[in-house]
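Numbering (our numbering), first residue to last: 461 to 650.
Ideal Cβ positions, reconstructed from N, Cα and C, are used throughout, including at glycine.
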Amino acid sequence: MPAQKKTLKLILLSLFFILLIAFGEHLSRNSLLPTLATRVDGSSPAIATSAFSLLQKFDEQLCRALGCVNRSVSDFAAWKITSVTLSPENAREGFKNGLNQSTLQVEIQNRLAISVLFPNLEIVLTDAEELEIKTIQFSPQEWLPSIWQESHRGFLKQGAPSGGIFRSELPISLPQNAAGYRVRIFYPEK
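What follows is the structure in structure tokens.
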């Protein structure tokens, strides 16, 4: 009889801890999932990717049972600028009329295994001595292609899907003394 009481007590205590862990995960999921999210570009260890996949499945089951508010997060580390090219639209005309129209082609990727809010883009134009001469900023509504925005109406709240690659072509007027550029992504301070 005492052995049965100890076994029952151990089982109840184990169930309590399992419930505690489940509710703890559920309550802290909006900060826990982004912290533990692995990268989809192959830079995360396979065991971490498998463990995070199991955590996501567990989280989905909890959300079905308890309900969840899915919020995309703003995570600078999620983004990778995969390519950037600044090319003049017409090099000869640019010198004739003073307007040096160019096109900035940018491709960025959400590398996390969760959706992430879209960042802003910033282009810093520099002169031959690499001194900043002009800074241009684009919000997600300005740099994401309009066709993509129309087909994804809630993109500002839903964020970029896991592994999503986004390409954009942005017209830019370059100052005559522009010799170089840098592109960065950022989240504006609230």
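Coil, strand or helix - Pro462 by DSSP: Residue state, collapsed to three classes: helix.
Backbone secondary structure at Ala538 - three-state DSSP: Helix, per DSSP.
Proximity below 8 Å, CB of Leu585 to CB of Ala638: Yes; because the gap between Cβ atoms is below 8 Å, this pair is in contact.
Comparing alpha-carbon positions, which option in Pro600, Ser562 and Ile507 lies nearest Ser633? Here the closest residue by C-alpha is Ser562.
Indicate the three-state DSSP secondary structure (helix, strand or coil) for Thr586 in the structure shown. DSSP places Thr586 in strand when its eight states are reduced to three.
Classify Gly619: buried if its beta carbon has 16 or more other beta carbons within 10 angstroms, exposed otherwise. Around the beta carbon of Gly619, a 10 Å sphere encloses 16 or more other beta carbons of the protein chains shown; the residue is thus reported as buried.
Based on DSSP bridge pairs, tell me the residues matched to Arg644. According to DSSP, Arg644 bridges with Glu582.
Counting C-beta neighbours from all protein chains within 10 Å, is the total for Ser696 16 or more, i.e. buried, or is it exposed? Only positions 461 to 650 of the chain appear in the structure, and residue 696 is not among them; the question remains open.
Please state whether DSSP places Gln618 in a helix, a strand or coil. It is helical.
Give me the Cβ distance between Ile583 and Val643, rounded to the nearest whole Å; I'm assuming they're in contact under 8 Å. With 8 Å as the limit, Ile583 and Val643 qualify as a contact, their Cβ atoms being about 5 Å apart.
Along the chain, where does the beta strand (DSSP E) that runs through Pro631 open and close? From DSSP, the beta strand (DSSP E) with Pro631 extends over Ile625 to Leu634.
Where the beta strand (DSSP E) through Glu649 begins and ends: First-last for Glu649: undefined, no H or E at that position.
In chain order, what residues of the same chain lie with their CB nearer than 6 Å to the CB of Pro600, ignoring the 5 residues before and after it? Counting only residues of its own chain and dropping the five nearest sequence neighbours on each side, Pro600 has a CB closer than 6 Å to the CB of Phe578.
Keeping to the same chain, check which residues put their C-beta closer than 6 Å to that of Thr509; ignore five residues upstream and five downstream. Thr498.
Could you check how far apart the C-beta atoms of Val533 and Pro494 are, in whole angstroms? I think they sit under 8 Å. The beta-carbon separation of Val533 and Pro494, rounded to 4 Å, stays under the 8 Å limit for a contact.
Mind checking Asp501: buried by the 16 CB within 10 Å criterion, or exposed? Exposed, since its Cβ has fewer than 16 Cβ neighbours within 10 Å.
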